[in-house]
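Those protein sequence lines, which keep their order, are chains D, Z and G. Sequential numbering from 64 applies to the first sequence in the working numbering. Sequential numbering from 376 applies to the second sequence in the working numbering. Sequential numbering from 10 applies to the third sequence in the working numbering. These notes are about the structure you will find just below.
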Amino acid sequence: MNREPILQVKDLKTYFYTEDGIVKAVDGVSFELYQGETLGIVGESGSGKSVTSLTIMRLLDEKARIEGGEVIFKGKELLKLSEEEMRKIRGNDIAMIFQEPMVALNPVYTIGDQIMEAIILHQKVKESEARKIAIDLLRKVGIPEPEKRVDQYPHQLSGGMRQRAMIAMALSCRPQILIADEPTTALDVTIQAQILELMKELQREYGMALIMITHDMGVIAETADRVAVMYAGKVVEYGTVDEIFKKPKHPYTYALLSSIPRLDVEKQELKSIPGTVPDPLNFPPGCRFHPRCDFAKEECKNIDPELVEVSPGHYTACPFYKVLEGVEVK
Amino acid sequence: MRVETKRTLKRFFRNPSSIIGLSILVFFTLVAIFAPYIAPPVSPMDPSRKIHDPYTMPKISWKQEPIPPTTRKDAEIKFIAEGLEKYVRKVSEEELRPLARNIIEGLDYESKVEVYVKVSITKTKIKNYLKDHLDQLKEAGFVNAENLINSFFENDLVLAAKKSFEILPEFSKYMDSLETEIEKFRKADCIKVVKYGYPKLEYDYAIKVVKDFTKVKGDIIDWMIEKKLITRKPIRAVDYHLFGMIDGRDIFYGVIWGTRTAFRIGLIVTFFSTIIGLVIGSIAGYYGGWIDEVLMRITDVFLSLPFLVAAIVLTTILGTGLDKVMVAMIIFGWMGTARLIRGNILQVKEEQYILAAKALGVKDFFIIMRHVIPNTIFPVVIQASMRMGSLVITAAALSFLGLGAPIGYADWGALLNYSRDWILGAQGEVFKYWFALTYPGIAMVLFVLAWNLLGDALRDTFDPRLRG
Amino acid sequence: MEKKAVIKIDNLVKHFPIRAGVFKRIVGWVKAVDGVSFEVYEGETLGLVGESGCGKTTVGMTLLRLYEPTSGRIIFNDEDTTHYFMNYLKARSYVKRTYIDRFEQLKIDKGAKALDELEGVDRKYYKIFMENGAAGLHKYLLSNLEEKRKQFRQNVQIVFQDPYSSLDPRMRIKNIVAEGVLAHKLVEKSKINDFVGKTLEDVGIISAYMFRFPHEFSGGQRQRIGMARALAMQPKVVIADEAVAALDVSIRSQIINLMEELQDKHRLTYIFISHDLAVVKHISDRVAVMYLGKMVEMASKKELFEDPLHPYTVSLMSAIPIPDPAKKRKKRIILKGDVPSPINPPSGCRFHTRCPVAKPICKEKEPPLVEVKPGHFVACHFPGSLKWKA
């Protein structure tokens, strides 16, 4: 792929300075996002996947500090922009949707007001015009009777409808990148299927790039073109979705895939990853996965593995990835 | 120590408001503990104590309406020089009683009154006597008796008396009887005759009140600010009255001992009202349904009564006094806690560990005690510490209205009450009596502030909603 | 093999009142569970699946008697336990309503012959009724309620979804695990430490950790402690209410494996409530699918996943994203709209508003749950009309 990436994240580091110590939530994350593709970021709680997205949007609270790295959006270094310039980018060029739409929507304004606010802010149109656009958007995201819904408050909508409204809001300025942070986790599976379908459709229509952040391997397989697997603040594996799912080159990815119960395959026993997700206050030294790794060697305690390219576009942060050669994902 | 505890303590002591609040409170606690050393209550019986006050023996006007004797206290000061009432302008019972009563009631503890009497046999008395015996004088050939009597004023008293002695042998007898009656005064239990025969046209006497330590039990006497002066006027700081005086009482003494009162009111009222609130709130919250409905409606009824009015009515029924005020404040002060704990319990009730305990078959009482209360108590503790301060203000307000502490009791509110009439100062001198208001006022403000700061700090530290 | 039903639920109904206004008048009912029947056999795992609001959690809670059922019977170990947690008067009237009145009529109509028609507890109680009369049955059912309640509590336990909310943050692990055991005096106080230690080791927690507080443990460990709390009671049945839903993927498989291991070791019966069909498929022996307070399909796992007959089951399966990018091109069945409100459920078949194959009759007539194949129950007018295969 020699296309120019629309978004480039290089060695991003975001630390939280808490009373108990420094939480290295994101510790050297790099990836690229290309026009029109979907990048899936998958990881467990505390892996830093959400913080990565918040760092790109620069929506972190005062406890967090961006310690290093670059976020380049169409040649612009986002981390160096002023707050004013960043505000223009947010919503206009990069939009974001969250896991719990009820939190992200203001309960005292109608859905219409909130969508219109974004439209008027970024597009400089009249209010009546904005209202029309808002209704069109609501129709587009599949909300029935948008003329009526536009004047309703968030609490009057169901969870799925709220998420649709959130998407409408995010799309109101035709962003080039949409970051979806666990957009379907709070929803039922049948509603999740609706929302994922909708997002795919809209992505095609708008030609935007999508960053899909989730812990659900199923959702990733379903939506993503390329995947970054995160563990303990680092990207451990990075590649196309087919490569990652068929030929995982990192023990963590492999273990993760083997440990999920599947509807389509009968498994006698689930593989389980021993131990617990590491405490972000004290990550283990060396490779952060080594205490839970089936293939761990003595060296793993000391080396901080770098991402290496194992095949074109497929990177892994395990120097001993060859042990996985020929191992089937169960 | 547990990590969590350590972290909590760290967070608590890093908070400036907790440090300020705590240090003020520590200061107040020390003051309260060492009150007997800072402002020692002095026994008036103490012979070593000398009264330097120029104000101790003021002139008193005692022209007041006679009040019939009703209490034992009146009887105690009963002293009549029998047979003299007609001639001697004596300290009559009727005249003295209201005066003494005022004094005694003002002190609000059992006391003995010592009356110092300066009796003067004056021209008027003799004149009156002679006027009564005018006929006798005339019969004796003292034709110009009227002139003679009148001349008492213009001429020599002694001469006139001498003449009268000659004419009236009873006159000397009268003078003797006067002497004996004054002796009676002298012997009377409560009256000390200082001088008599002092040639003056007015009667002088002073009344000194002596605390009767035999009749007052316990420490209550220490809480009383001694009434040293009869006057109500604020008096600037003199000698050892560091903060000046108000209502004849030492402000310094009142402020120091008032600290104890403040702690007492705050702790007792907070403790009991919190307990009541906890019980009612947790029963309502945990059981819900109609029990909740009934208890919460009762709470609403209590909340709908204006606190001050309710407290006034209640103290009217119970009688005034600090304990009664505390009872009133407890009765009308538990609703906030009840509502708070109920709300918290409604939240905690949904927690799965409560359901788990129920599923284990644990009895309701133990669920409340082991799970519900420990998980809901913190906001209540925080609220209680916030309330501590405001309670002292309320008690002061009641004292200010004359419902709270008895007169003379060391209480900041009572001190403010005394200075009520002097807030505006004197004519042309607005700040003349500043000290009467300022010292107890500062004490109160600091006390309330300290508790509020502490409550704030506790909330910042423990309220999980604020935890990062 | 003769399977013994440990729990039998008979037409369970749970309606929650909606109250409004000053006098808290009841203005409506949330029909959370509306006539659900099933049996759970000894040693098996029954998976209860459905979306949020389908009433699966309410079934669990009502079974545990954390909610009182509106109507229906809950039979545990061949005894009716429905009245255990009622007050005496209510329990009395329940017994009269459910058994005495009916049996009196039966006695007049058929006498002893009626015994052949009855089964399960009805048969057992009718026998007692015939032998000892109404008073005898009364005594049998209503005496010793306190003791029976205790036994029920001990035998049926629950593991909750949220590992953070389900452990009291102010209690040490030891006390959390020991609480129920001590309340029922199952273990002497002096031996409690050993007992708790053993139970903790059972679920994979080092026994030395028993003096720690819940916040010192991770989500997965807490869920283990939750298991230990339930296991300490030595129950027969454990209801797992979304027990793995809140856990991280890598931890989830640990807990699933642990649950399976414990089932073998302690001969436990599980009722596994979950919204995740994949997890249910892995762990269950039989699966029941619920929709809006009704059971729509119930079958053995193999049967259900190979031949789902209810359109809802089919669309649920198709909606689940499969972690295999090769299969993503496959068109799924996307259901229209949202789950309707359980306050005013649709008439007829409750699924008809979203069903891709609904016909006019679905709107009018409610389909009963019928056994279409041995052990395969489905409540649909047109079973098997919607097909989809992963």
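Where a beta carbon is used, it is the ideal one built from N, C-alpha and C, also for glycine.
Can you list, in chain order, the residues of its chain with a C-beta nearer than 7 Å to that of residue i? Leave out the 5 residues immediately preceding and following it.
i         : result
Z:Asp-531 : Per-residue confidence for Z:Asp-531 stands at a pLDDT of 45, beneath the threshold of 50, marking its modelled position as unreliable; the derived number appears in the next sentence. Hits under 7 Å: none found.
G:Leu-73  : Val-165, Ile-167, Ile-248
D:His-185 : Gly-154, Asn-155, Cys-236
Z:Leu-812 : Leu-791, Ser-794, Ile-798
G:Glu-60  : His-284, Val-348
Z:Gly-900 : Nothing can be reported for residue 900 of chain Z, as the shown portion of chain Z is limited to 376 through 843.
Output the distance between the C-alpha atoms of residue i and residue j, rounded to the nearest integer angstrom.
i         : j         : result
G:Val-186 : G:Ile-201 : 10 Å
D:Glu-67  : D:Pro-207 : 39 Å
G:Leu-75  : D:Gly-205 : 40 Å
G:Ala-372 : G:Arg-359 : Sequence inspection shows Lys at residue 372 of chain G; the Ala mentioned does not correspond to that position. So the two alpha carbons sit approximately 8 Å from each other.
G:Pro-334 : G:Val-323 : 21 Å
Z:Phe-638 : Z:Leu-670 : 30 Å
Z:His-746 : D:Lys-330 : 41 Å
Z:Leu-459 : Z:Asn-503 : For Z:Leu-459, the pLDDT reaches just 26, beneath the cut-off of 50, and the residue's location in the model is therefore unreliable, leaving the point undetermined.
Z:Gly-783 : Z:Ala-789 : 8 Å
D:Lys-87  : D:Gly-296 : 7 Å
G:Glu-269 : D:Leu-123 : 42 Å
Z:Leu-576 : Z:Asp-796 : In this predicted model, Z:Leu-576 has a pLDDT of only 27, less than 50, meaning its place in the structure is not dependable enough to derive any value.
Z:Asp-507 : Z:Glu-514 : 13 Å
G:Leu-402 : G:Lys-345 : Residue 402 of chain G lies beyond the residue range present for chain G, which begins at 10 and ends at 399; the question has no answer from this structure.
G:Ile-27  : G:Gly-37  : 5 Å
Z:Thr-695 : Z:Val-702 : 11 Å
D:Ile-160 : D:Pro-354 : 34 Å
Z:Ser-760 : Z:Leu-384 : 17 Å
Z:Ala-818 : Z:Trp-787 : 8 Å
Z:Gln-511 : Z:Ile-610 : 56 Å
D:Lys-280 : D:Gly-103 : Reading off the sequence, residue 280 of chain D comes out as Met, not Lys. When rounded, the distance between both Cα atoms is 9 Å.
In terms of residue numbering, what span does the alpha helix (DSSP H) encompassing residue i cover?
i         : result
D:Ala-158 : Unbroken run through D:Ala-158 is the beta strand (DSSP E), 157-160; no alpha helix (DSSP H).
D:Glu-190 : 190-203
G:His-24  : Note, G:His-24: premise wrong, no alpha helix (DSSP H); beta strand (DSSP E) at 14-29.
Z:Met-763 : 748-775
Check each candidate in the options and name the one with the smallest Cα separation from residue i.
i         : options                                    : result
G:Met-307 : G:Met-236, G:Glu-188, G:Ala-388            : G:Ala-388
Z:Asp-739 : Z:Asp-625, Z:Lys-724, Z:Gly-783            : Z:Lys-724
G:Gly-81  : G:Gln-114, G:Gln-230, G:Lys-23, G:Ile-117  : G:Lys-23
D:Val-134 : D:Ser-145, D:Glu-125, D:Thr-118, D:Arg-128 : D:Thr-118
G:Tyr-321 : G:Glu-77, G:His-193, G:Phe-391             : G:Phe-391
D:Gly-109 : D:Met-280, D:Pro-341, D:Ile-182, D:Lys-203 : D:Pro-341
G:Leu-395 : G:Pro-377, G:Arg-363, G:Leu-378            : G:Arg-363
D:Phe-394 : D:Lys-126, D:Glu-125, D:Lys-151            : Shown here, chain D extends from 64 to 393; a query on residue 394 of chain D therefore has no answer.
G:Glu-128 : G:Met-95, G:Ile-84, G:Leu-318              : G:Ile-84
D:Ile-283 : D:Asn-345, D:Tyr-269, D:Lys-263            : D:Lys-263
D:Ser-116 : D:Glu-130, D:Lys-73, D:Asp-244             : D:Asp-244
Would you give the residue range spanned by the beta strand (DSSP E) that residue i belongs to?
i         : result
D:Gln-71  : 70-81
D:His-377 : 377-379
G:Ser-309 : 303-309
G:Phe-32  : No beta strand (DSSP E) contains G:Phe-32, which DSSP labels as neither H nor E.
D:Tyr-384 : No beta strand (DSSP E) contains D:Tyr-384, which DSSP labels as neither H nor E.
D:Ser-116 : Run containing D:Ser-116: none in the beta strand (DSSP E); it sits in the alpha helix (DSSP H), 112-120.
D:Arg-128 : 127-136
Might you give, ordered along the chain, the residues of its own chain that have their beta carbon closer than 8 Å to the beta carbon of residue i, omitting 5 neighbours on each side?
i         : result
Z:Phe-707 : Phe-677, Leu-680, Phe-682, Ala-685, Ala-686, Leu-689
G:Phe-220 : Arg-181, Ile-182, Lys-183
D:Asp-83  : Leu-344
Identify every residue that forms a DSSP beta bridge with residue i.
i         : result
G:Gln-166 : G:Val-247
G:Ser-283 : G:Val-58
G:Val-39  : G:Phe-25
D:Arg-153 : D:Ile-157
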